[in-house]
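Chains as they are written, first to last, in this note's numbering: chain E, 1 to 206; chain G, 1001 to 1402.
What follows is one structure encoded as structure tokens, with my remarks underneath.
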Amino acid sequence: MTGVVLWYLNRATGITSLVLMTLTVVLGTVVRRHGRIPGLPRFAVQGLHRNVGLLSALLLVTHVGTAIVDSYVDIGVSSSFVPFVAGYRPFAVGLGTLAVDLLLLVLVTSLLRNHLPLRLWKAVHLTSYLLWPLAFVHGITAGTDLGGGWLLVLVIGCAAAATWASLAALAARRNTPPSAERAAAAVTVTSDAFSTGTPVRVFRNG
Amino acid sequence: MTAMTAPSLTRGLLDGPGPSFGDHVVVDGPLPVVDLHTLVQEAALMGRGGAGFPTATKLRSVAAAAASTRRAPVVVANGSEGEPAAAKDATLLLLAPHLVFDGLALVAGSLGATTAYLAADPALLPALSAHLADRSDPVGVRLHPVAYAFLSGEESALCAAIDGKPALPRTKFPPVRERGVGGRPTLVLNVETLARLALVARGSTLAAASMLVTRRMEIGGTPWVDVVDVPLGTPVGDVLRLDDAQAVLIGGYAGTWVEAAEAAQLRLDRDSLAPAGAALGAGVLAALPADRCGLAETARVVGHLAGESAGQCGPCLNGLPRIAAALELLARPLTPPSGLLRDVKRWSGLLPGRGACSHPDATVRLVASTLRVFSDELARHRAGRCRGRSARPFLPVPGRPQ
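Structure representation (structure tokens):
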């Protein structure tokens, strides 16, 4: 009986965590692009990114914990930190382990952000773009019940959302002029808009 | 007639016989060994770079940061005059470079610094390099060419540039005093501040109580620009010819406009200027002639300042161009779009305190004083008239490369 409960709990927290990670990535790209979510001020988008990220980490603790406790699969404490040593589906579980390690790094550096060099934090934070695919592939390879139906739709939806957000962030980055040229461009464009009476667009600072 | 062996206690910064080391030694004598911290504290010397920060406090905090991190501090003489209306730093470096080097040697010695820089316009460096060759300071001075930009002299931007990074201001934490050039505690002092230190150390009582002023005015329709050494507390009316002026820009492009009649009575020191909302800033005093439009002059300046934003902080990057574009419209002798003036005031209120540096704060202050001092001109423009009669721009703005 406990085995079934653990299995359901493990599966549910795994899927929910993946969904929340996807949301975290999407929100992160919105923060990066200084974008807005209707009804929310910009600082709240940043707060949401942070809190959804923390929530996904919390669910991940349960996900890993239930996998260790569940005696049906051979996944020990060590294999939740060291990749590819699990007795059960070592490759698929190993990908998840790698994702956990990366997430731990991202989490700790973000909590210590004010005490770390900005570049170090940023470099570690960018590994989230590696973390997410690892978690995703772990989900579809280690999962035992992805035959079809709503779960498949959900996972494909997550992949689409994360891909779309990442590409949009990359495009925004490419379209932003270097800081030295931004102000002069903003002055010219704004001045033209004022003299023709057209609305002024918002200039991004990164 | 006394021989010029003892240093003159009334020597102004600019009245030495020449810039050479020989002249300097004859007039000022050798650099004495002094307790700099006490001396600066007693002289109550304020920084001359624009912010007017007490030099003693800066010295103390760099010394404390150096002691707690156990790293030798870096000293930087800041001669990067990004303010187009100012010429005092360049003038000082031309006429009395050895006072600046003396000041650098004093602070370097007092702090135990092993590295010293002098940052200035590239055009000044060959002469400075030749002057340096005549000296034998224990800490060698490295010359750093500064790109000509309004923000290049901001201390964190300057430290970044010396480190070979883009010259962009960064947030105030950690301050440059704790982590500047090469991550070491860094003392950045304006070149005039250093030159004054060199005279204070030699016992001059006047040195800390005077300031260099770049004067801009028109006398009989002819432009007049010079740099003078003025005792603090002198009324503005004694420094500038104001017969034909309508307003005075006090402090430069990060400063404030004051009506000529009011300005004439104002004394040039921090406490007397504060009630008028003005400050010494970069030491610029510009008397706007009666035949110019104050709105058009300021619109041009604010357009320049908006373009000189580092483009790092959203409020500055988006706010200043809007305010500049609005001022451009208000500077025309036409009825402006309804609500434009109200918008300018609203945007101005949104900017202060929201940038990594104080560029937006200062620009907004200039705009507020413009709308106050030239309110009659705003009314005249609404009626389709303008007092501007001369096509020649009064306030200088460098041409932006297109």
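Note that beta-carbon positions come from the ideal geometry of N, C-alpha and C, so glycine has one too.
All of these numbers come straight from a predicted model, not from anything done at the bench.
Once the 5 residues before and after residue i are set aside, which same chain residues still bring their CB inside 6 Å of it?
i: G/L1197; result: G1103 and L1106
i: G/R1354; result: P1315
i: G/T1002; result: Note that G/T1002 scores a pLDDT of 37, beneath 50, so its modelled location is shaky; the value from the coordinates is reported in the next line. Within the same chain, G/T1002 has no close Cβ partners at all.
i: E/G3; result: Y72
i: E/L48; result: L27
i: G/F1053; result: G1047
Could you spell out where the beta strand (DSSP E) holding residue i opens and where it closes?
i: E/I140; result: E/I140 -> not in any beta strand (DSSP E); alpha helix (DSSP H) instead, spanning S128 to A142.
i: G/N1190; result: T1186 to N1190
i: G/L1249; result: A1245 to I1250
In the DSSP assignment, what are the bridge partners of residue i?
i: G/Y1117; result: G/V1076 and G/R1142
i: G/R1215; result: G/D1226 and G/L1285
i: G/P1235; result: G/R1267
i: G/S1390; result: Paired residues: none, contrary to the question.
i: E/I75; result: Answer is none; E/I75 lacks a bridge partner.
i: E/I37; result: E/L40
i: G/M1046; result: G/P1054
i: G/S1403; result: The requested residue 1403 of chain G is not part of the displayed model; chain G covers only 1001 to 1402.
For residue i, which residues from the same chain have a beta carbon less than 8 Å from its beta carbon, with the 5 sequence-adjacent residues on both sides left out?
i: G/A1161; result: A1119, H1144, V1146, A1147, S1152 and A1167
i: G/V1230; result: S1210, M1211, L1212, V1213, V1239 and L1268
i: G/V1200; result: L1039, V1040, A1043, L1045, A1207 and A1208
i: G/L1125; result: L1143 and P1145
Could you pull the start and end residues of the alpha helix (DSSP H) that residue i belongs to?
i: G/E1377; result: S1375 to R1382
i: G/V1069; result: Checking the displayed sequence, the identity of residue 1069 of chain G turns out to be Thr instead of Val. That run of the alpha helix (DSSP H) goes T1055 to T1069.
i: G/T1476; result: The requested residue 1476 of chain G does not occur in the structure, where chain G is confined to residues 1001 to 1402.
i: E/N51; result: R42 to V69
i: E/N175; result: W150 to N175
i: G/E1178; result: Unbroken run through G/E1178: none, as it is neither H nor E.
i: G/C1159; result: E1155 to I1162
i: E/P90; result: P90 to L111
i: E/S195; result: S179 to T196
i: G/K1088; result: K1088 to L1095
i: G/K1345; result: L1340 to L1350
i: G/A1043; result: L1036 to A1043
i: G/T1335; result: Where G/T1335 is concerned, there is no enclosing alpha helix (DSSP H), given that its DSSP letter is neither H nor E.
i: G/C1316; result: G1314 to L1330
Taking Cβ to Cβ, would you say residue i is nearer than 8 Å to residue j?
i: G/E1308; j: G/A1149; result: yes
i: G/V1181; j: G/D1089; result: no
i: G/A1108; j: G/V1076; result: no
i: G/A1188; j: G/E1218; result: Inspection of the sequence shows that residue 1188 of chain G is occupied by Val rather than by Ala. For G/V1188 and G/E1218, no; Cβs fall outside 8 Å.
i: G/R1215; j: G/L1285; result: yes
i: E/L6; j: E/T66; result: yes
i: G/A1324; j: G/A1296; result: no
i: G/P1169; j: G/C1293; result: no
i: E/V124; j: E/V106; result: yes
i: G/A1247; j: G/A1260; result: yes
i: G/S1445; j: G/V1367; result: For residue 1445 of chain G there is no data in the structure shown, the boundaries of chain G being 1001 and 1402.
i: G/A1066; j: G/L1111; result: yes
i: G/T1256; j: G/S1369; result: yes
i: G/G1203; j: G/A1096; result: no
i: E/A99; j: E/H138; result: yes
i: E/V159; j: E/G96; result: Here residue 159 of chain E is Ala; the residue named in the question, Val, does not match the sequence. No, Cβ-Cβ distance for E/A159 and E/G96 is not below 8 Å.
i: G/A1072; j: G/R1184; result: yes
i: G/G976; j: G/P1333; result: Given a span of 1001 to 1402 for chain G in the structure shown, any question on residue 976 of chain G remains unanswerable.
i: G/R1380; j: G/D1291; result: no
i: E/L126; j: E/L102; result: no
Flag residue i as yes if its beta-carbon sits less than 8 Å from any beta-carbon of chain B, otherwise no.
i: G/R1322; result: In the displayed structure, chain B is absent; the protein chains listed are E and G.
Sorted by chain position, which residues of the same chain lie with C-beta nearer than 7 Å to residue i's C-beta, five sequence neighbours on each side aside?
i: E/A165; result: V25, V26 and T29
i: G/R1135; result: F1021 and F1101
i: E/A186; result: F203
i: G/T1363; result: V1302, L1305 and L1320
>> Can you pull out the residues from the stretch 1324–1335 of chain G whose beta carbon lies closer than 7 Å to at least one beta carbon of chain E?
In response: Listed by position, the residues of the stretch 1324–1335 of chain G near chain E (Cβ gap below 7 Å) are A1324, A1325, A1326, E1328 and L1329.
> For the stretch 174–199 of chain E, which residues have a CB atom closer than 9 Å to at least one CB atom of chain G, in sequence order?
Replying inline: If the cut-off is 9 Å between Cβ atoms, the stretch 174–199 of chain E has P177, P178, S179, A180, E181, R182, A183, A184, A185, A186, V187, T188, V189, T190, S191, D192, A193, F194, S195 and G197 near chain G.
>> By the 7 Å beta-carbon criterion, what residues does the stretch 1305–1320 of chain G contribute toward chain E?
In response: Those would be A1306, G1307, E1308, S1309, A1310, G1311, Q1312, C1313, G1314, L1317 and N1318, in chain order.
> When you check each C-beta in the stretch 3–30 of chain E against every C-beta of chain G, which residues fall closer than 8 Å?
Replying inline: Under the 8 Å Cβ criterion, the stretch 3–30 of chain E contributes no residue.
> Can you list, in chain order, the residues of the stretch 1371–1392 of chain G whose Cβ is nearer than 8 Å to any Cβ on chain E?
Replying inline: Residues of the stretch 1371–1392 of chain G with a C-beta atom less than 8 Å from some C-beta of chain E do not occur.
> Using Cβ-Cβ distances below 7 Å, what residues of the stretch 32–47 of chain E are close to chain G?
Replying inline: Residues H34.
> Of the residues that make up the stretch 1273–1303 of chain G, which ones have a beta carbon closer than 7 Å to any beta carbon in chain E?
Replying inline: Close to chain E, meaning a Cβ-Cβ distance shorter than 7 Å, are the following residues of the stretch 1273–1303 of chain G: G1303.
>> By the 8 Å beta-carbon criterion, what residues does the stretch 1147–1171 of chain G contribute toward chain E?
In response: Answer set for the stretch 1147–1171 of chain G: P1166 and L1168.
> At a Cβ cut of 8 Å, what residues of the stretch 152–163 of chain E count as close to chain G, listed as they run along the chain?
Replying inline: The residues in question: there are none.
> Given a limit of 8 Å on CB to CB distance, which residues of the stretch 79–113 of chain E reach chain G?
Replying inline: Contacts with chain G (Cβ-Cβ distance below 8 Å) from the stretch 79–113 of chain E involve no residue at all.
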